[in-house]
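S.K.: Pasting in a structure now, in structure tokens, and then I'll have a few things to ask.
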Amino acid sequence: MIISGIGIDIINVNRIRKSIMARPFAEKILSSFEYENTDKKLFGEPLYMSFVFSAKEAVSKAVGTGFVGISYKDINVYFNDKCPYAMINASIKGLNKYKYYLKFERTGNNVTCDAPMIITTCIAYKPGNAEELIFNILNDNEYAYLAKTQIIPIENIDFKKLTEAELCFRHESRAANIAAKEALFNLLGLDNTIANYQKLLILRDASGKPYFYTTDKEINKSLDEYNTYLSLSHEKEVAVAFVLLQAKE
Ligand SMILES: CC(C)(COP(=O)(O)OP(=O)(O)OC[C@H]1O[C@@H](n2cnc3c(N)ncnc32)[C@H](O)[C@@H]1OP(=O)(O)O)[C@@H](O)C(=O)NCCC(=O)NCCS
Numbered sequence: 008m009i010i011s012g013i014g015i016d017i018i019n020v021n022r023i024r025k026s027i028m029a030r031p032f033a034e035k036i037l038s039s040f041e042y043e044n045t046d047k048k049l050f051g052e053p054l055y056m057s058f059v060f061s062a063k064e065a066v067s068k069a070v071g072t073g074f075v076g077i078s079y080k081d082i083n084v085y086f087n088d089k090c091p092y093a094m095i096n097a098s099i100k101g102l103n104k105y106k107y108y109l110k111f112e113r114t115g116n117n118v119t120c121d122a123p124m125i126i127t128t129c130i131a132y133k134p135g136n137a138e139e140l141i142f143n144i145l146n147d148n149e150y151a152y153l154a155k156t157q158i159i160p161i162e163n164i165d166f167k168k169l170t171e172a173e174l175c176f177r178h179e180s181r182a183a184n185i186a187a188k189e190a191l192f193n194l195l196g197l198d199n200t201i202a203n204y205q206k207l208l209i210l211r212d213a214s215g216k217p218y219f220y221t222t223d224k225e226i227n228k229s230l231d232e233y234n235t236y237l238s239l240s241h242e243k244e245v246a247v248a249f250v251l252l253q254a255k256e
């Protein structure tokens, strides 16, 4: 099974509430199909619009470009009980052959964060009979796949977990990097030591997409066994990382 990319997005519902009050938000982000087929009452619902907005952001990261060459309006989100998904309009060549499977989680008023937050994870995969498998990956670990979503509060991050190069990043990016390292160590069964944090970097490619980088032999040996996928997101208060490892054949 070939996964073409993954994405994660975290959104503060209160931020979307303000956007809805300030301007015609639904008109700005919904595709014409969504606009025509959605109960108009939902356009003023912060929670519903947060789900839609967050799904589109996660999809844009799974595509690997962000919103370059595609817009919010090119993405259609389909809600269903079992496994919601998104599709990209046929006018965007190459991308509409994938289905963007989604998982929505709500975190709010808990130890992590006081604000109501939505975390959306996305796996892009060619449509087929894989709904069950993708659902299992998004919701738990499934044999050849290991997946973890790590959320950490941004204040009081431990700077010792960052390499010198990462200290130059924006504060929320530093937190996201630490979340990514935590998730990877957990999945690979590596020790959560400061020494290991110092051996691993999360860099960004020219488009902004994050990836793991290390020259450490032990970590590289573990990483070599997998195709590695990584996505990051942050709000003012928290950062999240989604890591997916697919065992190589
Ligand atoms: C990718 C994008 C949707 C992210 O959304 P956002 O609201 O900025 O912020 P989020 O906190 O949810 O996500 C930020 C993370 O997205 C990830 N990201 C950025 N570009 C990415 C890409 N091309 N593919 C996948 N992920 C990407 C990064 O990990 C980033 O974390 P960082 O800031 O610590 O590096 C948005 O930045 C985008 O569309 N970028 C492309 C266009 C662009 O960069 N325009 C401005 C300069 S030309």
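Numbering follows our numbering, with no gaps: position 133 of the sequence shown is 140.
The beta carbon of each residue, even a glycine, is placed where N, CA and C say it ideally should be.
No experiment lies behind these values; they were computed from the predicted model shown.
Confirm the yes/no value for this check: CB of V250, any heavy atom of ligand 1, distance under 7 Å.
M.R.: Here residue 250 corresponds to residue number 243 of the sequence shown, with the count starting at 1. False, no ligand heavy atom lies under 7 Å from that Cβ.
S.K.: Against chain B, does R211 count as a neighbour if the rule is that its beta carbon must be under 8 Å from one of theirs?
M.R.: Absent from the structure: chain B. Only one protein chain is present.
S.K.: Please classify N116: does DSSP put it in a helix, a strand, or coil?
M.R.: Numbered from 1 along the sequence shown, position 109 holds the residue referred to as residue 116. With a pLDDT of 47 at N116, under the threshold of 50, the predicted position of this residue should be treated as unreliable, and no value is reported.
S.K.: Quick one: what does DSSP say P123 is sitting in, helix, strand or coil?
M.R.: As a first step, residue 123 must be located in the sequence shown, where it is residue number 116. Residue state, collapsed to three classes: coil.
S.K.: When the Cα atoms are used, what is the spatial distance from Y132 to I27?
M.R.: Locating residue 132 in the sequence shown gives position 125, counting from the first residue. Locating residue 27 in the sequence shown gives position 20, counting from the first residue. Those two C-alpha atoms are separated by around 32 Å.
S.K.: Could you tell me if the beta carbon of A183 falls within a distance shorter than 7 Å of some heavy atom in ligand 1?
M.R.: For the purposes of this step, residue 183 is taken as the residue at position 176 of the sequence shown. For ligand 1, at least one heavy atom lies less than 7 Å from the Cβ of A183.
S.K.: What are the boundary residues of the alpha helix (DSSP H) that K228 is part of?
M.R.: For this step, residue 228 is matched to residue 221 along the sequence shown. 224-230 is the span of the alpha helix (DSSP H), which, as asked, contains K228.
S.K.: Can you grab the Cα-Cα spacing for the pair A172 / I125, in whole Å?
M.R.: Position 165 of the sequence shown holds residue 172. Position 118 of the sequence shown holds residue 125. Each residue's alpha carbon lies about 30 Å from the other.
S.K.: Would you kindly report the start and end of the unbroken beta strand (DSSP E) that includes R211?
M.R.: Along the sequence shown, one-based indexing puts residue 211 at 204. That run of the beta strand (DSSP E) goes 207-211.
S.K.: Check each candidate in Q157, L207, Y108, T200 and name the one with the smallest Cα separation from K68.
M.R.: Taking the sequence shown and counting its residues from 1, one reaches residue 68 at position 61. The shortest Cα separation from K68 among Q157, L207, Y108, T200 belongs to Y108.
S.K.: Which of helix, strand or coil does DSSP assign to K255?
M.R.: Taking the sequence shown and counting its residues from 1, one reaches residue 255 at position 248. Coil.
S.K.: Does the Cβ of R22 lie closer than 7 Å to at least one heavy atom of ligand 1?
M.R.: Numbered from its first residue, the sequence shown carries residue 22 at position 15. False, no ligand heavy atom lies under 7 Å from that Cβ.
S.K.: Leaving out five residues before and five after I95 in sequence, what residues of the same chain have Cβ atoms less than 7 Å from its Cβ?
M.R.: The residue you call residue 95 lines up with position 88 of the sequence shown. Within the same chain, I95 has close Cβ partners I77, D81, I82, L102, N103.
S.K.: Taking A186 and I159 to be in contact with their CB atoms under 8 Å, please state how far apart those CB atoms are, rounded to whole angstroms.
M.R.: What you label residue 186 is simply residue 179 of the sequence shown in a count that begins at 1. What you label residue 159 is simply residue 152 of the sequence shown in a count that begins at 1. Indeed, because the Cβ distance is near 5 Å, the residues count as touching under 8 Å.
S.K.: Between F111 and V59, what straight-line distance do the alpha-carbon atoms span, to the nearest angstrom?
M.R.: Working through the sequence shown from its first residue, we reach residue 111 at position 104. Working through the sequence shown from its first residue, we reach residue 59 at position 52. Cα to Cα, F111 sits roughly 10 Å from V59.
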